[in-house]
Amino acid sequence: MRLITACFLLFLTSFNVLASQCENAVLNTIVDENTVVKTLKGSRIYMGSDVQDQQDNVVIKIKRGNNTLYNSGTLNETQSYVISYRFPAVGVYTAELDATSYGFRETGYDREAVSLDTNCTRQINVLPLTKPQVIDSTHADLSNEHLNDHDLTGGFTVHDEGKDLVELTLFVNAIKKQSCHLTPQGTTYVCRYTISKRNLEIDKKYTFSIFAKDRFGNTTQGSFKVTVREKNTPPTVSFDVDGTSGSTADGDTHFAALGSTVSINIAGTDGDESVLNGLSDILVDVGQGLKSVREYFNSLPSYNAACNIKKNSATCKIQYRLNAHSHIRVQAIDKKSDTSDIHSVYAKAVTPAVPNIRRLDSDVSPFVGDSITLEATLDSIENLEAFYLCQFSTGNVDVDAGCSNPIKRCSLSDTVCRHEVEYSSLTGIPYNTITSQVFTVYAKKNAVNGKGKLIQVTYRNFYGIHFVLPQPNQGGNQHKYYVGDEISIGVSLSALGISSTALTSLKLYEGGPTTGREVTGLQVPGMLNLGDVIALPHPSQQPKEITVKWLTTSQYIGQDKTFTLVATDNNGRTASTSLTGVHIEDPIPETPKIGGVSITPNSESIGQYHVKIYGLSDTKQLRYEVTIAGTRVLSKSIDDFTGIEEQFVVDTRVADHNKELLVEVTAVNTSSSGQSATRTLVSLPERIINHEMAPHSPVFEGPPTQAGGPYKIKWKANADGVTSRYKLKYWPGLPHDQANVLPIELNLSSDLSTEFTVTNLAFGRYTYQVTACNSQDNCVDGQQVTLEHIAPIFSSAEIPGCTAAVIEAIDEARADNEVPNSQAYTFTLKALGVGFSPSTSYLYVRIRKTGQSFRVGATATANSVNATVSERVCRGYLNGGLALTITNAVEHNEQELKSHIVIDRTGSEYRPDLTGREYSVSDNLYLYSGSKKGLRAHKFNPEYGLTFAWESQFESTLPSEVIAKPLVESQGTTDYIYVGSLNHRFYKVTHDQMQPIPNNRVLTDWVLNTRGPILAQANIDEHRNLYVGSMDESLYSVNAQSGNIQWQYVFPGSGGLVSQPTVSGSGRIYVTTKDGELNIIDDRLIDAQALKWEYIDALSILFADEIAIWEHSQWHPDQSHVELAGLARAVYVLLQRAPSKKELSFLAFLLAEGHPYNEIINALINANPALANANDVAFISTFFNYL
């Protein structure tokens, strides 16, 4: 019964496959293409994980409509359920899968038979074989243009019926720019690429091309070209007509003479870059409309000579004859026919004035003293700008030139001008001569030359005094007389006018009566006594004849003199005559006189001297000569000398400094007879002071801090123009040790050499100082740097390629005759350490087992050595080890320093690694370096190397890592170490190795707080000032004994101090900051800018603005404020006075800004000399007395 039931259940347990096992996606393929058709998603039908012994009976058919084109027959599980079929024609097909699957499922009691029917149908679209095709593009052909004021986008539309593109690429100028999406929109694909307007090149042709390929390898291409054109802007134009500028309004008016030629000066500009947009032409209109400027020239050469039209600029000059009023207009046009604004000038043609002049009263010549009336007329007053009358005493007059002092300025609005001429107003008319006067009228119109007319008026005169001068007795109208000769002049006297009745004076002048001096001793008949007069005859009577005489004297000696005889009547009228070309000589000249010579330095120009020769007389020729140290530098001779002194300047050179300056003066007097008299005077010697400018303080260039062999020390060449030589000296120790030793000056290769190679290397610290001197040996000490000559010290060594396995392989190869026994093998020995020299370090190897020792060739740097060693050395390395020795030419007590290390296959013996931190070696042969904890010391033995001595952690509750190089000062057996830490603090540590109590051998003397890590080594100058640089951007000057801050110099924005501040013998401090700047400060800068803690009241004023802001925003204390009360008590005790509010605010401000409390207390101590300068006993006594 159970069997029947089971069978019944077996046949009842069957089900249909879930649709999820069927591949339902539509399949697209190409006609006549071998196509793989898959109807199941998986490889076979899945009945469930618990079905066993599954068997499938599968039939796959290809149909078109109801017609079956393919039947696979029954397939089983050992066959593939995927078929391959070539579709014969375009259309819609279906693939059908009919399957029945059988299996068993365990029920726990029995096996249950199960079955599964699977029916899948998949649509297949068979398409014709198509090729992609470009059907559209953003630009149609090869001659497109695009303006550069917006982006350029090029694109294509590709049609592909098969929708099976595998590549769609856009190119610009054959360069791939875009791979486009392969997802079609229907049957089309779109591909675009945009070029930003910023990247477009003007007048460049861009070729856009598309390439498309389908999965069958069918391709299509398309392209178009676009030329980028610049967006055109209109040109501009300017011009002027003989300086009258044109404008876009009606234009200014330019006046020019009718028929004259005016210059039209044109300038055009176009800011466009493209030649296609450049200037094309200049258009000009002079009354016949705008025409090309070329039409205003008769020939092409004349046009080319006057005009130059380029792409961006144009100039043109037109010569235009102005025959009438003209409205001149100018316009620029470019190649795109865009035009500028029209500029214009109104040119007005002006005709010259036509003046006339006549006398109104009479045509008869007037008498002397008469007045006359002149009348001037004009044809027109249009454009009139000048109209006046002139008077001339000569007939040679250019009437068209006008005059500078008119006698009458006429109205510009009237064509008639009248003027009465008073005789007394005329100039240049003697009373005793008949004279003619010329009167002119002058008129000028705008922009044309003036025109004039003249009338001549002759004044009649019947009166006068006449003179008869002596005849010349030398050639060329010259009169020569000796002292004592008589000069006679005849005078014919008659009245000078109607009211002229008497001659009141007759005087002789040397020169003229106005500027000359009156000559004494003139003999005038009838006027021998004061007040005598001579009656003048009436015009109707005969003139009175007299002769005046004068005897020449020595005071009138001279050449080419003029003497004037002046007669004056009772009305003050005068008549005169002049005797010219008079030579008066003394046959025996006077001996010249020289008062002295002064030489005075010019206080405003160094090296320049004022020379004054004074007290000269009877001198016709002056000669002087200037010598410096016997060499003539200036010589001059002055002929026809007439003065009483002479001054000149002597410029000396720097090379003349401290030499003697002398001036020799010679004065010569001569007579007409050829005799001469001479006097010579030599000045007192003047010592020349002409100091050359002091040189700049020289600076070293990248000096090393330690050297383990020969090295070069360099300095920068001064660019001061005066440095003539450098000096380099050195001394053992730090900068301040110079006072205790005799510095040694080194011999440089030349005066201006800027480097020196140090080869004499004695162990220890040495300070170098470079000095610059000028040609006068005025020297300025420059930078001082301290270098350490260090011993070579191994830290480790190995032969990494030398192993037992390598040697074993070599031995086996030789035993098997794979390599000859003569085959040599080498290995590289590598060592690390400090103090190695590329040029003088020698490496020695001793094989410990055999004792063999030899030198090997090595290549060294400052911290490493590489050497090629033989197989024998490698075998020694593996068998007993090697002893290495290295030297570097540094000596101690005339013995070359060496370093030893033993190495073998297990490594090298321990040596401290000094390559990570800088160190210093004291005179007591202790090596000090920073460590994670603080300060570490090793004892250095020149023979055996380093031995660890001690390590000190500065503060147990505060990290004290030190990376700065310690500064060490040795006094006897005691070392004083100055070093800064990353914890912002700076320490002075005393190491006294002779202290009997071990705990007292290393003590911290004092601690200085800064506000930043300390990375740089400190320094001490020759005055024992300690300089500490911190990353808080400050340099501190510290009292090395007490640790008190003397001043603080801030370098804001520098990032902090990263290397040791160095000093100089001239008081300068050289500070290198993180920003790479080398800052040089001196006493002036320190006085002006450093914070000096001893001047607390002054500092409170200096920070007044910052304190005011801080008080307002952050701090409002009262009398109970804890910090305020503490600071007040400190001021009371330490300064013995009540603090001011400013001082309290300043100290509280410092506390709030992060300055430690003990630093502020130190500042108060520094402000009281009784405490700051006291020793310990006096300090304690004074302090308790204050309390």
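In terms of the working numbering, the sequence shown has 872 at position 697, counting the first letter as 1, and numbering is strictly consecutive. Note that beta-carbon positions come from the ideal geometry of N, C-alpha and C, so glycine has one too.
Just to check my reading of the structure: residue i and residue j have Cβ atoms closer than 8 angstroms, yes? What is that Cβ distance to the nearest angstrom?
i, j, result
"L202", "I299", "5 angstroms"
"L345", "F383", "7 angstroms"
"R496", "T402", "So it is not a contact: roughly 47 angstroms between Cβ atoms."
"L1100", "F1115", "5 angstroms"
"T395", "V309", "6 angstroms"
"H911", "Y941", "About 14 angstroms separates the two Cβ atoms, so there is no contact after all."
"P1087", "S970", "7 angstroms"
Excluding the 5 residues flanking residue i on each side, which residues of the same chain have their C-beta closer than 7 angstroms to its C-beta?
i, result
"K338", "P359 and T362"
"P303", "V206 and V265"
"Y1399", "What the structure shows of the chain is the stretch from 176 to 1362, and residue 1399 is not part of that stretch, so it cannot be assessed."
"R1092", "S1104, G1105 and I1138"
"D228", "G278 and F279"
"A937", "H964 and E1066"
"N777", "Q783, Y784 and H785"
Rank the options by C-alpha distance to the C-alpha of residue i and give the top, closest one.
i, options, result
"D1079", "E1066, L1004 and P410", "L1004"
"G330", "A1064, V1137 and C355", "C355"
"F931", "I965, P879 and S899", "P879"
"K1108", "Y256, N1116 and Q1128", "Q1128"
"E1252", "E867, S1239, E1208 and N1214", "E1208"
"I556", "G577, K1024, K619 and T514", "K619"
"S588", "F562, E987 and S1320", "F562"
"A1037", "A882, N953 and H964", "A882"
"F386", "P307, G1032 and D956", "P307"
"T695", "I1255, L740 and K510", "L740"
"S488", "P885, E800, T1034 and V450", "V450"
"S1028", "R297, A1058 and S778", "A1058"
"G1051", "N1041, N1068 and R1021", "R1021"
"S1234", "P1013, N1194 and Y1019", "N1194"
Keeping to the same chain, check which residues put their C-beta closer than 6 angstroms to that of residue i; ignore five residues upstream and five downstream.
i, result
"D554", "V529"
"L535", "T548 and E550"
"A869", "N953 and V955"
"I370", "L327"
"S467", "D456"
Excluding the 5 residues flanking residue i on each side, which residues of the same chain have their C-beta closer than 8 angstroms to its C-beta?
i, result
"T249", "N232, V233 and V234"
"N865", "I781, G782, T827, R828, V829, D831 and H832"
Whole angstroms is fine: what's the gap from residue i's alpha carbon to residue j's?
i, j, result
"V1306", "P1314", "6 angstroms"
"K1073", "Y1245", "35 angstroms"
"F186", "K213", "A caution first: F186 carries a pLDDT of 38, below 50, which makes its placement in the model unreliable, though a value can still be read off. Using only the alpha carbons, I get a separation of about 31 angstroms."
"I1189", "P907", "27 angstroms"
"D460", "Y521", "11 angstroms"
"D1258", "L1157", "30 angstroms"
"S455", "G896", "57 angstroms"
"D445", "N558", "39 angstroms"
"T526", "A432", "6 angstroms"
"L1178", "H1166", "7 angstroms"
"V757", "D660", "12 angstroms"
"T749", "H500", "58 angstroms"
"R1186", "H1159", "6 angstroms"
"K485", "A315", "35 angstroms"
"S195", "I258", "20 angstroms"
"V1203", "Y1211", "5 angstroms"
"T1247", "P975", "41 angstroms"
For the stretch 413-490, which segments carrying the alpha helix (DSSP H) assignment without a break, of at least 4 residues, lie completely within its bounds, in sequence order? 475-481
Complete beta strand (DSSP E) runs within the stretch 841-872 (minimum length 3 residues, chain order): 851-857
Which runs of the beta strand (DSSP E) fall wholly inside the stretch 532-596 and span at least 3 residues, in chain order? 547-553, 559-567 and 591-596
In chain order, each beta strand (DSSP E) run of at least 3 residues that lies wholly inside the stretch 626-685: 626-634, 641-643, 654-657, 661-668 and 677-685
Would you list, in sequence order, the uninterrupted alpha helix (DSSP H) runs of no fewer than 4 residues that lie entirely inside the stretch 1188-1231? none
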